[in-house]
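K.L.:
Per my numbering, the sequence shown starts with residue 6, numbered consecutively.
Note that CB positions come from ideal geometry on N, CA and C, so glycine has one too.
The model shown is predicted, which means the values in this text are computed figures rather than measured ones.
The structure that follows is given in the form of structure tokens.
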Amino acid sequence: MTEPNHSSRTPSSTDESDSIGGAEISLLDIVTFVQSAWKKLAIAAVVGAVLGLGNWYFLGSYQAEYVLLNNNNNNSYALDLVSWKMLQKSLPNLADQIVEDNKAPQDQAFLYKALSNEQWWQKNVLPTYALSKADTKDLAGISKDLDAASTTILSLTLTASGSSKEQSIVNVRASAKFLRSGSAYLQIRSLLNGYESQTVSAVADVQQKITSTQIEMGYQQERVKSLEELHKRFPGGANISGQVVDPKDSGAKYLPLATQIVAVNNDINGSKEVLARLQKRLEQIGLIKAFIDQAIPLQDQTFDGLALDDQLLVIEGSLRSKLGKGDANGQELLDQLHSQLLAIQVRFTKGLEANTAPTASKKGMIKSTAGGLVAAFFLMLLALLGQRVWVSIKSGGVKS
């Protein structure tokens, strides 16, 4: 009796290659798939492009562009490379402070939030230099003046977006205004801080110098008394030498007494002049303090540097009207302050000035249309591939 053969069939290498080959997609499969699905893919791409175009038309934002010229007034540009880099760091912090204090202009809180981001300034405010990087490479080594020209800013181009053409123009104008007024505010704050520090540290320094000079003058006066007493006792030494001498010099004691008396009196007069100058400086510091006492509260009330500048000029004019006639000392200080305030005002008005109105347009049509086309095409491709895989799985299940 023959025993049944229970040996199982082991898969051969041919079967294994067949299974692997069955999992591969041949070029014919790809061609067949494209032939059967190209209409659907094309329709999806067209629909996607239309949707992308519609999205750009109805939801796309406008972008306004505004050019501020960096004018050269009195051989000095409003902004150089160093000051611009400092403003790029400082203006976002100022905008953030304005937002936190709820002092943003009406309906511009969202814009000021964007302005508080340092990346906004790097992306939306682009300086134009006298020489580009390519120019400096081509002209390298010709002249040292080219190094300065390569960092000279000719203009600043500001861009801002908005839901409408009018809104984008409003936003870019507001951005330009903040650039100028905020920069002026930062410079005024630095100026006031400098003056405020003078009212604290300079007073102590001047007072110390006054005390030292008074002590020295006391010694000089005692020296004169002693010399005059000697002169009375020895009137024969009345000849005055024409030699210039320092009374403190060791050899001065051998000069005629009259010469020594004249020299010490000259020192006393010098000390009196120093005291007078120091006293005038104290008066100037008092005038500075009167200005600072009125200026600091205004600085805390507004962040508009140009408006603040006007207010400070009014304070300066008021202090000037109270000066006594012939007070050249106070006049000198107020002239210096007036000059500094006017320089800031001119720098951020006439120095950064637009000679054309901002322009606005809706950009990104091609990008939005192409994005919609590509997205719809690949979504349809994935859907068709998924459908084919699902049909393959179902057919495989039926066969088993």
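1) Skipping 5 residues on each side, what residues in its chain have a beta carbon closer than 6 Å to that of residue 101?
2) Tell me which residues share the same chain as residue 4 and place their Cβ nearer than 7 Å to its Cβ, disregarding the 5 neighbours each side in the sequence.
3) So, at 6 Å on beta carbons, what are the nonlocal neighbours of residue 365 in its own chain, with the 5 sequence-adjacent residues on each side left out?
4) If contacts are defined as beta-carbon pairs under 8 Å, then residue 161 and residue 73 qualify, I think. What distance do you get, rounded to the angstrom?
5) Rounded to the nearest angstrom, how far is the Cβ of residue 358 from that of residue 76, given a contact under 8 Å?
6) Count the other CB atoms, across all protein chains shown, that sit within 10 Å of the CB of residue 180; report buried if there are 16 or more and exposed otherwise.
7) Let me check understanding here. Comparing Cα to Cα, which of 223, 262 and 227 lies closest to residue 240?
8) Counting along the chain, where does the beta strand (DSSP E) carrying residue 167 start and finish?
9) Would you mind listing the beta strand (DSSP E) stretches within the stretch 330-378 that are 3+ residues and don't spill past its ends, in chain order?
10) Tell me the DSSP secondary structure of residue 69 in three-state form.
11) For residue 111, name the three-state secondary structure that DSSP assigns.
12) Buried or exposed for residue 112, please, with buried defined as at least 16 other CB atoms from any protein chain shown within 10 angstroms of its CB.
13) Roughly how far, in whole angstroms, is the beta-carbon of residue 186 from the beta-carbon of residue 311, given that I think they are within contact range, below 8 Å?
14) Where residue 48 and residue 400 are concerned, what is the direct C-alpha to C-alpha distance, given to the nearest angstrom?
15) Threshold first: 4 residues or longer. Then list the alpha helix (DSSP H) segments lying entirely within the stretch 183-241, N to C.
16) Quick check on DSSP: helix, strand or coil for residue 28?
17) Taking the CB atoms as reference points, tell me whether residue 389 and residue 45 lie closer together than 8 Å.
18) Taking a contact to mean a Cβ-Cβ separation below 8 Å, would you say residue 229 touches residue 274 in this structure?
19) For residue 97, which of helix, strand or coil comes out of DSSP?
20) Determine the burial state of residue 356: buried for a count of at least 16 other Cβ atoms within 10 Å of its Cβ, exposed for fewer.
21) Quick check on residue 121: does DSSP put it in helix, strand or coil?
22) When burial is assigned at 16 or more other CB atoms within 10 Å of the CB, is residue 28 buried or exposed?
P.N.:
With the given structure in hand:
1) 121
2) Look at the range of the chain in this structure, 6 to 405, and you will see that residue 4 is not part of it.
3) 67, 69, 170, 173 and 174
4) 5 Å
5) 6 Å
6) buried
7) 262
8) 158-167
9) 364-367
10) strand
11) coil
12) exposed
13) 5 Å
14) 28 Å
15) 208-238
16) In this prediction, residue 28 scores a pLDDT of 46, lower than 50, which makes its location untrustworthy; the coordinate-derived value is nonetheless stated afterwards. Here residue 28 sits in helix by DSSP.
17) yes
18) no
19) helix
20) buried
21) coil
22) Its pLDDT being 46, under 50, residue 28 is placed unreliably in this model, and the coordinates cannot settle the point.
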